[in-house]
Amino acid sequence: MASDLIKHVSDGSFETDVLQSSKPVLVDFWAEWCGPCKAIAPTLDELAKTYDGKLQIAKVNVDENRTIPAKFGIKGIPTLMVFKDGQLAATKVGAMTKAQLAQFIDQQLA
């Protein structure tokens, strides 16, 4: 069960939900058929609670939304990107442990 704190973003809502967000946004580019994407989903749910108020976590399904992943050159999934003040701040590709993911987020929030 996905967390209520995670926002599902589409090509149409990306500008508003991510680029115009007042706080940093971690975007998870994923697909239903992607094993590693499913593996990190529970971790993202936990981290959404941990970072509530400091960071928005969003998911973009690359099968349903092709424009935004193409714009950012997404080749492999899961790809996690942090956006701050409307700009891409950092990118990680592939599944990570909770500790690795928290460290990646902490580096961007520092």
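Reminder that position 30 of the sequence shown reads as 30 in full-length UniProt numbering, one-by-one numbering, no gaps.
For glycine and all other residues, C-beta sits at the position ideal for the given N, C-alpha and C.
With H, G and I counted as helix, E and B as strand and the rest as coil, what does DSSP make of residue i?
i           : result
I6          : strand
residue 150 : With the chain running from 1 to 110 in the structure shown, residue 150 is simply not present.
F72         : coil
K92         : strand
K84         : strand
Q56         : strand
G35         : helix
K23         : coil
D45         : helix
D11         : coil
Pick out whichever of the options has its Cα sitting closest to the Cα of residue i.
i           : options              : result
W30         : V60, K49, K54, E46   : V60
residue 151 : G76, K38, L55, A89   : This structure leaves residue 151 out entirely; the chain is present only between 1 and 110.
A41         : L109, D4, Q20, K84   : D4
W33         : Q100, D17, D63       : D63
M81         : I6, S10, N65, F104   : F104
I57         : L26, V18, T79, F72   : L26
G76         : A102, K7, D28, L19   : D28
D45         : G86, A110, L101, G35 : L101
G86         : I6, D17, P78         : D17
I6          : T43, L88, G12        : T43
Quick test of your reading: residue i and residue j, contact by CB under 8 Å. State the CB separation rounded to the nearest angstrom.
i   : j   : result
I74 : F14 : At roughly 12 Å, the Cβ-Cβ gap does not stay under 8 Å, so I74 and F14 are not in contact.
K23 : K54 : 7 Å
S10 : N65 : 5 Å
Tell me, please, which residues DSSP counts as bridged to residue i.
i   : result
N61 : W30
T79 : F29, V93
Checklist entry - Does the pairing of the stretch 46–54 with the stretch 83–93 give three or more beta-carbon distances under 8 Å? => result Verdict: no, contact absent.
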